[in-house]
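Peer 1: One structure is given below, represented as structure tokens, and several questions about it will come after.
Below you can see the structure in the form of structure tokens.
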């Protein structure tokens with residue numbers, strides 16, 4: 293215990309070493325964030341004001357847009373400040389806050405995508421029972437549970453991060469403070485922290501991913517049994533946007549966690565950050581381009597202006 297030290301600051305190996313591209317990178321992040329904010333606010337506005345979108349599918353889409361706004365705002369504000377000032381120092385309290393909020397948003401989105409997949413499963417595989425199986429009351433319950441479970445998973449990670457001691461390097465090889473990085477830097481016994489990450493990430497995250505995967509297995513089986521090509525195309529179009537978002541979400545997280553992210557790879561850190569920010573930016577774009585009801589809502593909103 294004598295060699296353990298309470299750290300008040302960490303050093304992030306973020307994008308500040310790309311000094312030659314500071315202005316282009318800053319502008320890229322800023323305008324992408326503005327576009328992401330505008331797109332998601334537009335979807336929330338349409339879901340709330342357009343009576344044609346008062347359905348469970350768009351209720352959950354509105355929740356996804358709120359989540360994307362939170363994620364983009366929290367991560368981008370930090371990155372823009374660091375790029376603009378070149379500051380790499382991060383207070384211990386700020387680091388812990390990043391662990392909590394980024395994990396909260398990530399876990400909530402995992403569970404939300406699973407619920408949205410189930411909604412599409414019921415709509416395609418049990419269309420006659422859709423209104424009884426997916427009621428407004430159930431939607432509100434599921435959305436509330438999703439946000440609460442996400443916060444509880446994040447709180448467990450945060451408490452685990454607070455229990456860690458540090459006595460060596462304070463350099464975090466990434467863009468944000470994340471629990472697995474703090475565990476690697478810690479000089480205390482991390483068995484319980486490792487176990488907690490495994491239980492929450494693998495078990496709860498695995499359940500959510502499996503639910504999403506199984507929902508689409510049944511969806512594809514049902515679509516393939518439809519004989520009429522037009523009906524088959526219409527059925528697939530109802531879930532194609534969500535499927536694209538699912539692939540984008542899990543693809544970016546696989547890239548972020550398994551791609552090398554060290555001091556020797558500043559370009560890769562830039563790509564990782566762009567992919568992370570592009571997820572909230574692309575989600576409303578995917579839904580608006582591939583969803584005729586949403587495009588119709590945009591046209592009706594323009595007519596009302």
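In the numbering used here, the protein residues as written are 293 to 597. Yeah, the Cβ is synthetic: ideal placement off N, Cα and C, and Gly gets one too. Quick caveat: nothing in here was measured; it's all calculated off a predicted structure.
Which whole-angstrom value describes the C-beta separation of residue 505 and residue 478, a residue pair presumed to lie in contact below a C-beta threshold of 8 Å?
Peer 2: About 34 Å; that fails the 8 Å criterion.
Peer 1: For the beta strand (DSSP E) that contains residue 381, what are its first and last residues?
Peer 2: Looking at the DSSP string, the run of the beta strand (DSSP E) that includes residue 381 is 381 to 383.
Peer 1: I need the DSSP call for residue 579, collapsed to helix, strand or coil.
Peer 2: Helix.
Peer 1: For residue 481, does the count of other Cβ atoms within 10 angstroms reach 16, so buried, or fall short, so exposed?
Peer 2: Residue 481 comes out exposed.
Peer 1: Return the bridge partner residues of residue 301 from the DSSP annotation.
Peer 2: In the DSSP output, where bridge partners are listed per residue, residue 301 has 383.
Peer 1: Given this structure, state the Cα-to-Cα distance separating residue 393 from residue 486, to the nearest angstrom.
Peer 2: Using only the alpha carbons, I get a separation of about 19 Å.
Peer 1: For a test of the three-state rule: what should DSSP assign to residue 458, helix, strand or coil?
Peer 2: In the structure shown, residue 458 sits in a strand (DSSP, three-state: E or B).
Peer 1: Using the rule of at least 16 other Cβ atoms within 10 Å of the residue's Cβ for burial, across every protein chain shown, is residue 312 buried or exposed?
Peer 2: Answer is exposed; the Cβ neighbour count stays below 16.
Peer 1: Count Cβ pairs between the segment 568 to 578 and the segment 356 to 364 that sit closer than 8 Å; are there 3 or more?
Peer 2: Because the criterion of three Cβ pairs below 8 Å is met, the segment 568 to 578 and the segment 356 to 364 touch.
Peer 1: Taking the alpha-carbon of residue 528 as reference, which of 356, 581, 412 and 429 has the nearest alpha-carbon?
Peer 2: Ranking the options by Cα distance to residue 528, first place goes to 412.
Peer 1: Residues bridged to residue 464 by DSSP?
Peer 2: Answer is 304, bridged to residue 464.
Peer 1: With DSSP run on the structure shown, which of helix, strand or coil describes residue 482?
Peer 2: Three-state result, residue 482: coil.
Peer 1: Which residue comes first and which comes last in the alpha helix (DSSP H) that contains residue 347?
Peer 2: Unbroken run through residue 347: none, as it is neither H nor E.
Peer 1: Count the other CB atoms within 10 Å of the CB of residue 294; is the residue buried (16 or more) or exposed (fewer)?
Peer 2: Any answer about residue 294 is weak, because its pLDDT of 42 lies below 50 and its placement is not dependable; what the coordinates show is given next. Exposed is the call here.
Peer 1: How would you label residue 609, buried or exposed, when you count the other beta carbons within 10 angstroms and need 16 or more for buried?
Peer 2: Any question about residue 609 goes unanswered here, given that the chain covers just 293 to 597.
Peer 1: Kindly indicate which three-state DSSP category residue 597 falls into: helix, strand or coil?
Peer 2: DSSP places residue 597 in coil when its eight states are reduced to three.
Peer 1: From which residue to which residue does the alpha helix (DSSP H) around residue 331 run?
Peer 2: It spans 314 to 341 - the alpha helix (DSSP H) in which residue 331 sits, taken as one unbroken run.
Peer 1: Nearest to residue 453 by alpha carbon, out of 442, 438, 476 and 466?
Peer 2: It is 476.
Peer 1: Is there a Cβ from chain D that is less than 9 Å from the Cβ of residue 393?
Peer 2: Of the protein chains in this structure there is only one, and it is not chain D.
Peer 1: Alpha carbon to alpha carbon, how far is residue 357 from residue 328?
Peer 2: Distance between the alpha carbons of residue 357 and residue 328: 9 Å.
Peer 1: At what residues does the alpha helix (DSSP H) containing residue 507 begin and finish?
Peer 2: First-last of the alpha helix (DSSP H) with residue 507: 497 to 517.
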